[in-house]
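Structure first, commentary second.
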Amino acid sequence: DAGVIQSPRHEVTEMGQEVTLRCKPISGHNSLFWYRQTMMRGLELLIYFNNNVPIDDSGMPEDRFSAKMPNASFSTLKIQPSEPRDSAVYFCASSADRWRPQHFGDGTRLSIL
Amino acid sequence: TQLLEQSPQFLSIQEGENLTVYCNSSSVFSSLQWYRQEPGEGPVLLVTVVTGGEVKKLKRLTFQFGDARKDSSLHITAAQTGDTGLYLCAGAETSGSRLTFGEGTQLTVNP
Chain A
1 DAGVIQSPRH
11 EVTEMGQEVT
21 LRCKPISGHN
31 SLFWYRQTMM
41 RGLELLIYFN
51 NNVPIDDSGM
61 PEDRFSAKMP
71 NASFSTLKIQ
81 PSEPRDSAVY
91 FCASSADRWR
101 PQHFGDGTRL
111 SIL
Chain B
1001 TQLLEQSPQF
1011 LSIQEGENLT
1021 VYCNSSSVFS
1031 SLQWYRQEPG
1041 EGPVLLVTVV
1051 TGGEVKKLKR
1061 LTFQFGDARK
1071 DSSLHITAAQ
1081 TGDTGLYLCA
1091 GAETSGSRLT
1101 FGEGTQLTVN
1111 P
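Here it is in structure tokens:
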């Protein structure tokens, strides 16, 4: 029974580069969430989708961040251009519907040098 | 945005001791979830409480939702080293599915 799958697990890149994080939600789940976790700010919701449609992107820090969900089994979070302050662990989570508990992936640890 | 405050932020105890973690807000939530997160992994759901005053038990863990659905507590009896981890509470807003997470309580249980 596969859970939420995120890739890559680790990413180290230089500032100014484009970064793309990927997520495969649990099959059958129709809600998908992107979070960012840092020591200073804890776990923050960036954006969530319901039935592949972005519902709330008020947590997206700025225009450098964008997220897409082209189909029910795949989502991306893109940062362009990346900055050192974007360094964090990024989590993807999915749920069966918007009121059900969320299942998290193991995260992508992003380091921007 | 509804805010959740967790306390304490850090807790280090000896195996066998009891502990309580608190999650407080001035806002009402439709439900509240508790997660545990271990290093290098994502948070894993422990329990969801929905009804004001509700108490749920999961082995040595007891979760309570406040009568007014604004606060919650997690009590661990006879802590074990395997209980070590980051405990997060998360409130579901009454308007939808957005979860607001607390800052977390880092628990360390020493042998």
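Sequence order for the protein chains is A and B.
Per the working numbering, the first sequence starts with residue 1, numbered consecutively.
Per the working numbering, the second sequence starts with residue 1001, numbered consecutively.
Even glycine gets a Cβ: it sits at the ideal position worked out from N, Cα and C.
For residue i, which option in the options has the closest C-alpha, if you only look at C-alpha atoms?
i: B:Y1035; options: B:N1024, B:T1077 and B:T1105; result: B:T1105
i: B:C1023; options: B:L1004, B:S1030, B:H1075 and B:T1100; result: B:L1004
i: B:C1089; options: B:V1047, B:N1018 and B:E1038; result: B:V1047
i: A:R33; options: A:T20, A:Y48 and A:F74; result: Correcting the residue identity first, residue 33 of chain A is Phe in this sequence and not Arg. Cα-wise, what sits closest to A:F33 is A:Y48.
i: B:L1107; options: B:E1038, B:L1032 and B:S1031; result: B:E1038
i: A:V4; options: A:L110, A:C23 and A:V12; result: A:C23
i: A:S111; options: A:S7, A:V12 and A:Q6; result: A:V12
i: A:A72; options: A:A96, A:D63 and A:R85; result: A:A96
i: B:Q1009; options: A:S94, A:G28 and A:G42; result: A:G42
Would you mind giving the Cβ-Cβ distance between residue i and residue j, rounded to the nearest angstrom? I have them listed as a contact below 8 Å.
i: A:E18; j: A:P70; result: That belief does not hold up - the Cβ atoms of A:E18 and A:P70 are roughly 18 Å apart, past 8 Å.
i: A:S31; j: A:N52; result: Going by Cβ atoms, the distance from A:S31 to A:N52 rounds to 10 Å, so no, they are not a contact pair.
Whose Cβ in chain A lies nearer than 7 Å to the Cβ of residue i?
i: B:R976; result: Given a span of 1001 to 1111 for chain B in the structure shown, any question on residue 976 of chain B remains unanswerable.
i: B:P1043; result: F104
So residue i contacts chain B; which residues on that side make the cut at Cβ distance below 7 Å?
i: A:L21; result: The premise fails here: A:L21 is roughly 13 Å from chain B at the closest Cβ pair, so nothing lies under 7 Å.
i: A:F91; result: G1042
i: A:G42; result: F1101, E1103 and G1104
i: A:D56; result: R1098
Whose Cβ in chain A lies nearer than 9 Å to the Cβ of residue i?
i: B:F1063; result: Residues of chain A passing the Cβ test: none, with the nearest at roughly 13 Å.
i: B:E1005; result: Chain A residues near B:E1005: none, gap ~11 Å exceeds 9 Å.
i: B:L1107; result: Chain A residues near B:L1107: none, gap ~15 Å exceeds 9 Å.
i: B:L1058; result: Within 9 Å Cβ-Cβ: nothing; B:L1058 doesn't reach chain A, min ~14 Å.
What are the boundary residues of the beta strand (DSSP E) that includes residue i?
i: A:R100; result: First-last for A:R100: undefined, no H or E at that position.
i: B:K1056; result: V1055 to L1058
i: B:R1036; result: S1031 to Q1037
i: B:L1048; result: Checking the displayed sequence, the identity of residue 1048 of chain B turns out to be Thr instead of Leu. Its beta strand (DSSP E) spans residues V1044 to V1049.
i: A:V53; result: V53 to D56
i: A:M69; result: F65 to N71
i: A:A2; result: Element bounds for A:A2: n/a, residue is neither H nor E.
Check the Cβ of residue i against every Cβ in chain B and list those closer than 8 Å, keeping chain order.
i: A:P101; result: Q1033, L1045 and T1048
Along chain A, in chain order, which residues have C-beta atoms closer than 8 Å to that of residue i?
i: B:F1029; result: None at all; the shortest Cβ gap to chain A is about 12 Å.
Which chain C residues are close to residue i, counting only those with a beta carbon under 7 Å from its beta carbon?
i: A:G107; result: No chain C is present in this structure, whose protein chains are A and B.
Return the chain-ordered ranges of every beta strand (DSSP E) run that is complete within the region 5-49 of chain A and spans a minimum of 3 residues.
5-7, 10-13, 19-24 and 31-38
Runs of beta strand (DSSP E) lying entirely within the region 1073-1108 of chain B, each at least 3 residues, in chain order
1085-1092 and 1099-1101
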